Amino acid sequence: MSARAAAGGIAGWLRVSHISAGFIAVLVGYTSSVAIVFQAAAAAGAQGVQLASWMWALGIGMGVTCIGLALAWRAPVLTAWSTPGAALLATSLGDIGLAQAIGAFLACSALITLCGLTGGFQKIMDWVPRHLASAMLAGILLRFGMDLFVSMQGRPLLVGIMLAAFLLARRVLPRYAVPLALAAGIACAAAQGGLPLGGLDWTPARPVWMPPEFSFPAFVGVALPLFIVTMTSQNVPGLAVLRANGYARVPASPLISWTGATGMVLAPFGGFAFNLAAITAAICMSPDADPDASQRYKASVWAGVFYLLTGIFGATVVALFAAFPHELVAAIAGLALLGTLGSGIHDALQAPGGRDAALVTFLVTASGMSLLGIGSAFWGLVLGGACHLALGRRH
Numbered sequence: 013m014s015a016r017a018a019a020g021g022i023a024g025w026l027r028v029s030h031i032s033a034g035f036i037a038v039l040v041g042y043t044s045s046v047a048i049v050f051q052a053a054a055a056a057g058a059q060g061v062q063l064a065s066w067m068w069a070l071g072i073g074m075g076v077t078c079i080g081l082a083l084a085w086r087a088p089v090l091t092a093w094s095t096p097g098a099a100l101l102a103t104s105l106g107d108i109g110l111a112q113a114i115g116a117f118l119a120c121s122a123l124i125t126l127c128g129l130t131g132g133f134q135k136i137m138d139w140v141p142r143h144l145a146s147a148m149l150a151g152i153l154l155r156f157g158m159d160l161f162v163s164m165q166g167r168p169l170l171v172g173i174m175l176a177a178f179l180l181a182r183r184v185l186p187r188y189a190v191p192l193a194l195a196a197g198i199a200c201a202a203a204q205g206g207l208p209l210g211g212l213d214w215t216p217a218r219p220v221w222m223p224p225e226f227s228f229p230a231f232v233g234v235a236l237p238l239f240i241v242t243m244t245s246q247n248v249p250g251l252a253v254l255r256a257n258g259y260a261r262v263p264a265s266p267l268i269s270w271t272g273a274t275g276m277v278l279a280p281f282g283g284f285a286f287n288l289a290a291i292t293a294a295i296c297m298s299p300d301a302d303p304d305a306s307q308r309y310k311a312s313v314w315a316g317v318f319y320l321l322t323g324i325f326g327a328t329v330v331a332l333f334a335a336f337p338h339e340l341v342a343a344i345a346g347l348a349l350l351g352t353l354g355s356g357i358h359d360a361l362q363a364p365g366g367r368d369a370a371l372v373t374f375l376v377t378a379s380g381m382s383l384l385g386i387g388s389a390f391w392g393l394v395l396g397g398a399c400h401l402a403l404g405r406r407h
């Protein structure tokens, strides 16, 4: 390989749009749900170094799977911790101690691995029509698009400057519109004294082995509900986002299997459940990450690098992300997802014969409803699929 080719290859990995998309995905993922993870860890009885180990395991697990799966399939595959799973743990662990909770995490990850290896999940997702997957994606992202403007109520100057920077960059430097908006927001927040970064301790986190203990009550009361919530509320929309963005060639089974296997390895250190990401993955799949869809996997690789850093430095990096104003995070998430939201709505409503089913899927998903402890993304697909079958049979 010539020196020029090698330099070109390195430059391809250092593109600002890839790095910023990966960073924003991690920023949005952590700031939107890390408090729930802390609550889950506290409910399980994790304290001090054990809590730091939880954050180490989650960061390392997400980083390794993001990098490995994105490189293996050359697709913007992004993984995440199970946010609904963390909410479930925070409210349902009860008297189950840390050892039994760790055993339940292992059992849940084993079920996820088995589900991927058997191929049943792949067959289910192959049935989902493209326009329903797009409608569900649009429904998931709608709140983030609206929060961009809701956040103006709290900090009109900050969000206004970010929006102006985004629109200006769209005209002159469209590829860098999102990172320039983020830079403008950080500069404005710093000028307003809204970035309290003093007192951060950059001591690396260390893994702590927490021996598992298996019990039938913990399996029924924690492992099974955690498995169901993770598969229906996380992996279903996560794979649907891949399909909706044109990455249908990526098989579901290996993705599910590897996230489950990662959970089995890291559960004794606090990695309670890993799954495919949906909202943050959409950031890496956006045209803003790269106009060339075949190159967007590099944004996921960069997200994996940032996840590894958050794992190594544990709760310290979480505190750093928490220093960003809520309005800044809401605004940059909305701006980063505008293109993906528009594409999802367009693809969902493009076919006249599928609009009714797509609208049902979109509205149910966007409603945020929850039945039987399962989120609206799953029910959007179920009710939209029922309309698709009913109307198809009528026609």
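Numbered according to the working numbering, the sequence shown spans residues 13 to 407.
For every residue, glycine included, the Cβ atom is placed at its ideal position computed from N, Cα and C.
Since this is a predicted model, take the numbers as computed values, not measurements.
Is the CB-CB distance between residue i and residue j below 8 Å?
i: Leu118; j: Ala58; result: no
i: Pro337; j: Leu170; result: yes
i: Ala87; j: Tyr319; result: no
i: Val262; j: Val89; result: yes
i: Phe281; j: Met222; result: yes
i: Thr435; j: Thr125; result: Residue numbering for the chain in the displayed model covers 13 to 407; residue 435 lies beyond these limits and cannot be assessed.
i: Gly128; j: Ser265; result: yes
i: Ala370; j: Leu383; result: no
i: Ala315; j: Val40; result: no
i: Leu288; j: Gly323; result: no
i: Ser45; j: Ala102; result: no
i: Leu100; j: Ala56; result: no
i: Leu395; j: Val372; result: yes
i: Ile291; j: Ile36; result: no
i: Leu209; j: Ala335; result: yes
i: Gly34; j: Val232; result: no
Among the options, which has the Cα closest to the Cα of residue i?
i: Gln246; options: Thr95, Leu81, Thr328 and Val341; result: Thr95
i: Trp93; options: Ala23, Glu225 and Ala279; result: Ala279
i: Ala293; options: Ala64, Cys78 and Trp25; result: Cys78
i: Ser49; options: Phe286, Ala193, Val248 and Gly115; result: Here residue 49 turns out to be Val, not Ser, going by the sequence shown. Cα-wise, what sits closest to Val49 is Phe286.
i: Ser227; options: Val220, Thr130 and Ala235; result: Ala235
i: Val376; options: Pro364, Gly365, Val248 and Ala389; result: Ala389
i: Ala23; options: Leu321, Phe325 and Gln307; result: Gln307
i: Gly80; options: Phe35, Thr274, Met381 and Leu383; result: Thr274
i: Met297; options: Ala82, Leu63 and Ala56; result: Ala82
i: Gln414; options: Arg183, Leu340 and Ala363; result: Past the boundaries of the shown model lies residue 414; the chain is included only from 13 to 407, so the question cannot be answered.
i: Leu321; options: Ser45, Val76, Ala33 and Ala56; result: Val76
i: Gly197; options: Ala342, Leu185, Gly132 and Pro364; result: Ala342
i: Cys120; options: Gly380, Gly396, Ile268 and Gly326; result: Ile268
i: Val248; options: Lys135, Gly73 and Ala331; result: Lys135
i: Asp300; options: Ala202, Pro186, Ile108 and Ala398; result: Pro186
i: Tyr42; options: Trp85, Val61, Met74 and Gln62; result: Met74
i: Trp270; options: Phe161, Ala84, His358 and Glu225; result: Ala84
i: Pro224; options: Gly365, Ile108, Ala52 and Ala398; result: Ile108
i: Gly272; options: Thr91, Val162 and Val184; result: Thr91
With a cut-off of 8 Å on the beta carbons, I'd call residue i and residue j a contact; round off their distance for me.
i: Ile344; j: Ala193; result: 6 Å
i: Ala230; j: Ala116; result: 5 Å
i: Gly157; j: Met164; result: With a Cβ gap of about 13 Å, Gly157 and Met164 do not count as contacting.
i: Leu153; j: Leu353; result: 4 Å
i: Ala113; j: Ala217; result: Contact flag wrong, Cβ pair sits at about 19 Å.
i: Met276; j: Ala122; result: 6 Å
i: Val220; j: Val61; result: 5 Å
Please confirm if residue i has its CB atom under 8 Å from at least one CB of chain D.
i: Pro224; result: Absent from the structure: chain D. Only one protein chain is present.
Give me whichever residues DSSP pairs with residue i in a beta bridge.
i: Phe286; result: Trp93
i: Leu321; result: According to DSSP, Leu321 bridges with nothing at all.
Can you find a heavy atom of the ligand PLP that lies under 7 Å from the Cβ of residue i?
i: Leu371; result: Looking at this structure, you won't find the ligand PLP or any other ligand, since it has none at all.
**Message:** Three or more C-beta pairs under 8 Å: does that hold for the stretch 56-73 against the stretch 349-369?
**Reply:** With the cut-off at 8 Å, the stretch 56-73 and the stretch 349-369 do not touch.
**Message:** Whether or not the stretch 390-403 and the stretch 177-185 are in contact is what I'm after, with contact meaning three or more pairs of Cβ atoms, one per stretch, closer than 8 Å; do they touch?
**Reply:** Between the stretch 177-185 and the stretch 390-403 there are fewer than three C-beta pairs closer than 8 Å, too few to call the two in contact.
**Request:** Specify whether the stretch 237-257 and the stretch 129-145 touch according to this definition: at least 3 beta carbon pairs, one from each stretch, less than 8 Å apart.
**Result:** Contact between the stretch 237-257 and the stretch 129-145 is present: 3 or more CB-CB pairs across the two stretches fall below 8 Å.
**Message:** Pairs of beta-carbons, one from the stretch 185-199 and one from the stretch 24-32, closer than 8 Å: are there three or more?
**Reply:** yes
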